[in-house]
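**Student:**
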Amino acid sequence: MSEHRPWWWVVAGLGGVLLVLFGLNLDLTGLFERPASWWVVLFTLPGYALLLFAWGRLGPGWRRPRLTAAIWGIPLLLALPMHSRDAYAYAAAGRHVAQGIDPYRVPLGEAGQPGLLVGEHWADTTSVYPSLQLDVFGLVSRLTGGDLFWTTVALRLPSVLALAILAAVLPVLAGRLGIDPRWALWAGWLNPVLLVQWIGGAHNDALMVALAMAALLAATDVGWRGWRGLVVGGVLLGLAMGFKQSAALFGLGLVAVAWAARAGEATRLEAPWRGWPRLAATAVVPGAITVAAFLASSLSWGLGWRNPTAGSPAEAVSLAPLSWAATGLRVAGVPGETVNVVVTGVSALLILVGVVWVWVRFGPRGDAVGHPLPFLAAVLAIACVAGPALQPWYATWLVPVVVLCPLTPRQRGAWAGGVAAVALLPALQDVLPPPLALLAVAVLVLPAVLRRTR
Numbered sequence: 012m013s014e015h016r017p018w019w020w021v022v023a024g025l026g027g028v029l030l031v032l033f034g035l036n037l038d039l040t041g042l043f044e045r046p047a048s049w050w051v052v053l054f055t056l057p058g059y060a061l062l063l064f065a066w067g068r069l070g071p072g073w074r075r076p077r078l079t080a081a082i083w084g085i086p087l088l089l090a091l092p093m094h095s096r097d098a099y100a101y102a103a104a105g106r107h108v109a110q111g112i113d114p115y116r117v118p119l120g121e122a123g124q125p126g127l128l129v130g131e132h133w134a135d136t137t138s139v140y141p142s143l144q145l146d147v148f149g150l151v152s153r154l155t156g157g158d159l160f161w162t163t164v165a166l167r168l169p170s171v172l173a174l175a176i177l178a179a180v181l182p183v184l185a186g187r188l189g190i191d192p193r194w195a196l197w198a199g200w201l202n203p204v205l206l207v208q209w210i211g212g213a214h215n216d217a218l219m220v221a222l223a224m225a226a227l228l229a230a231t232d233v234g235w236r237g238w239r240g241l242v243v244g245g246v247l248l249g250l251a252m253g254f255k256q257s258a259a260l261f262g263l264g265l266v267a268v269a270w271a272a273r274a275g276e277a278t279r280l281e282a283p284w285r286g287w288p289r290l291a292a293t294a295v296v297p298g299a300i301t302v303a304a305f306l307a308s309s310l311s312w313g314l315g316w317r318n319p320t321a322g323s324p325a326e327a328v329s330l331a332p333l334s335w336a337a338t339g340l341r342v343a344g345v346p347g348e349t350v351n352v353v354v355t356g357v358s359a360l361l362i363l364v365g366v367v368w369v370w371v372r373f374g375p376r377g378d379a380v381g382h383p384l385p386f387l388a389a390v391l392a393i394a395c396v397a398g399p400a401l402q403p404w405y406a407t408w409l410v411p412v413v414v415l416c417p418l419t420p421r422q423r424g425a426w427a428g429g430v431a432a433v434a435l436l437p438a439l440q441d442v443l444p445p446p447l448a449l450l451a452v453a454v455l456v457l458p459a460v461l462r463r464t465r
């Protein structure tokens, strides 16, 4: 292959991005919420397919992943929010903060121009995000003077920062875990799902994931007789929770990684009862620091995201099976508040049972380190599937974690199919209800996955 030929795949990937943006803008008749035209998928699906193919052709051996991410990401940085109206909710919360209005008390829909563009399910609700994230939204609103376009552009800057953090963290963490750093950077960072969802969608999961992965890296540090990594990891995870509360799930992975770094082979030589107190300390110390850091980051606006006015993720139909059940109950005449309580309770129970099961299967014990990264990946997957809501950008929690797991060739084939499915889903969800979009992407991707995993 010619030395310059891979650059053609970089250009092809850029062409895929531009084709997606062309289709989305061609269908643009205003900024108010409305269903997408059916024909928009004639642009977005081929565009994403071309981007995926170019990314696959570059592969882990490509020497310019960071430059490639910049080339593919710049058009996304300047685009209108893609496949989601969450960025307008962020802008609305930021406008409230910039004006000194409590976003935990005043609905997002009352935030002037950005409030008019908030998705219909959330316009009458208050903010669900932690105080630190609200402070960032407010800072963005002040810096842009409240200008709607530049606010949506500036809301991508935290995602760019997150990608920079992850680019520094992921190869180092991969090396410490015995995974090829080049594979980790290509598969877990130069990944179309991350670029589209974090930059194009402007989702605030980006800094949460990047800081959580940095916490995992810190957990491998055994300085100060093993305590330094626990302290730094706890602080980083608390900050991650300050951007999105879901970062708490990574705490289980932090404990598992820290235990593996500190226990190693010596743990297998001890009686189990001797190891359990050490494992408990490995969990309690970073856990307490995480909670303290999160509460410290919440001083500005408090914990108002817990208010009943914040709404429930179960109120909107998503990819989560429980959201389908919730919709069925509402159609059957069950009051909405009752549905939310039932679905939230069932979700919590399912997640608890699932986490206990994967802990027994993969998690750390007093006399064994378990399998830290597969354990964390399983925890995140269970939380996504059994949660009251599931969106394509939730997959970005898993992407950098799964690539750090020791995967067989078959598992890598299945993983590649999963990436393709998640990359194509937003285009299909623009024109189909989530359950039908999921079925359609299964029809498109599953045959190829089955061929690769035989």
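Residues in the sequence shown are numbered consecutively from 12, following the numbering used here. Beta carbons: idealized from backbone N, C-alpha and C, even for Gly.
Rounded to a whole number of angstroms, what is the C-alpha to C-alpha distance between Val180 and Arg341?
**Tutor:** Between Val180 and Arg341, the C-alpha separation is close to 45 angstroms.
**Student:** Is it right to say Val452 is buried, meaning 16 or more other beta carbons lie within 10 angstroms of its own, or is it exposed?
**Tutor:** The residue in question, Val452, is buried, as its Cβ has 16 or more Cβ neighbours within 10 Å.
**Student:** Using a Cβ-Cβ cut-off of 8 angstroms (strictly less than) and excluding sequence neighbours within five positions of Trp161, which residues of its own chain qualify?
**Tutor:** These residues qualify, in order along the chain: Thr155.
**Student:** Where in the stretch 130–184 do unbroken runs of the alpha helix (DSSP H), each at least 4 residues long, occur, reported from the N-terminal end onward?
**Tutor:** If we require 4 residues or more, the alpha helix (DSSP H) runs fully inside the stretch 130–184 come out as 142–154 and 159–165.
**Student:** Please give the ranges of any alpha helix (DSSP H) in the stretch 362–418, keeping only runs that are unbroken, at least 4 residues long and fully inside the region.
**Tutor:** Runs of the alpha helix (DSSP H) inside the stretch 362–418: 383–396 and 406–413.
**Student:** So, helix, strand or coil for Arg45, using DSSP?
**Tutor:** Note: Arg45 maps to coil in three-state DSSP.
**Student:** Check whether the stretch 363–374 touches the stretch 291–298, counting contact only when three or more Cβ pairs, one atom from each stretch, lie closer than 8 angstroms.
**Tutor:** These segments do not touch.
**Student:** When burial is assigned at 16 or more other CB atoms within 10 Å of the CB, is Val410 buried or exposed?
**Tutor:** Per the 10 Å Cβ criterion, buried.
**Student:** Going by DSSP, what residue range makes up the alpha helix (DSSP H) through Gln422?
**Tutor:** From DSSP, the alpha helix (DSSP H) with Gln422 extends over Pro420 to Gln440.
**Student:** In terms of residue numbering, what span does the alpha helix (DSSP H) encompassing Ala451 cover?
**Tutor:** Residues Pro445 to Arg463.
**Student:** Since I believe Ser358 is in contact with Gly315 (beta carbons under 8 angstroms), could you give me their beta-carbon distance rounded to a whole number of angstroms?
**Tutor:** That pair is no contact at about 22 angstroms.
**Student:** Given Thr407, which residues of its chain have a CB within under 8 angstroms of its CB, disregarding the five upstream and five downstream residues?
**Tutor:** Val204, Leu205, Gln208, Trp209, His214, Asp216, Ala217 and Val220, listed in sequence order.
**Student:** In chain order, what are the residue ranges of uninterrupted alpha helix (DSSP H) at least 4 long that sit wholly in the stretch 185–218?
**Tutor:** The qualifying runs are 192–199.
**Student:** Between which residues of its own chain and Ala109 is the CB-CB distance below 6 angstroms, once the five residues before and five after are set aside?
**Tutor:** Only Gly149, Ser152 and Arg153 meet the Cβ criterion.
**Student:** Are the stretch 377–389 and the stretch 247–257 in contact at 8 angstroms, needing three or more beta carbon pairs?
**Tutor:** No, they do not touch.
**Student:** Hey, how far is the Cα of Ala81 from the Cα of Phe43?
**Tutor:** One C-alpha to the other measures close to 30 angstroms.
**Student:** I need the straight-line Cα distance from Pro57 to Pro288, nearest angstrom please.
**Tutor:** If I take the Cα positions, the gap works out to 55 angstroms.
**Student:** Where does Gln124 sit, in a helix, a strand or coil, going by DSSP?
**Tutor:** Helix, per DSSP.
**Student:** Please determine if the stretch 72–87 and the stretch 122–135 are in contact, where contact requires at least 3 C-beta pairs separated by less than 8 angstroms.
**Tutor:** Counting Cβ pairs under 8 angstroms, fewer than three are found: no touch.
**Student:** Taking all protein chains shown into account, do 16 or more other C-beta atoms lie within 10 angstroms of the C-beta of Phe386, making it buried, or fewer, making it exposed?
**Tutor:** Phe386 is buried by the Cβ-count criterion.
**Student:** Put Pro114 into one of helix, strand or coil per three-state DSSP.
**Tutor:** Here Pro114 sits in coil by DSSP.
**Student:** Given Leu53, which residues of its chain have a CB within under 8 angstroms of its CB, disregarding the five upstream and five downstream residues?
**Tutor:** For Leu53, where only same-chain residues beyond five positions count, the Cβ hits under 8 angstroms are Gly34.
**Student:** With contact counted as at least three CB pairs below 8 angstroms, one residue from each stretch, are the stretch 251–265 and the stretch 219–239 in contact?
**Tutor:** Yes: the two stretches touch, three or more of their Cβ pairs being nearer than 8 angstroms.
**Student:** My output table needs one value for Leu310: the three-state DSSP class, helix, strand or coil.
**Tutor:** DSSP places Leu310 in coil when its eight states are reduced to three.
**Student:** Would the stretch 98–113 count as touching the stretch 66–79 if we require 3 or more Cβ pairs under 8 angstroms?
**Tutor:** Cβ pair count under 8 angstroms is below three, so no.
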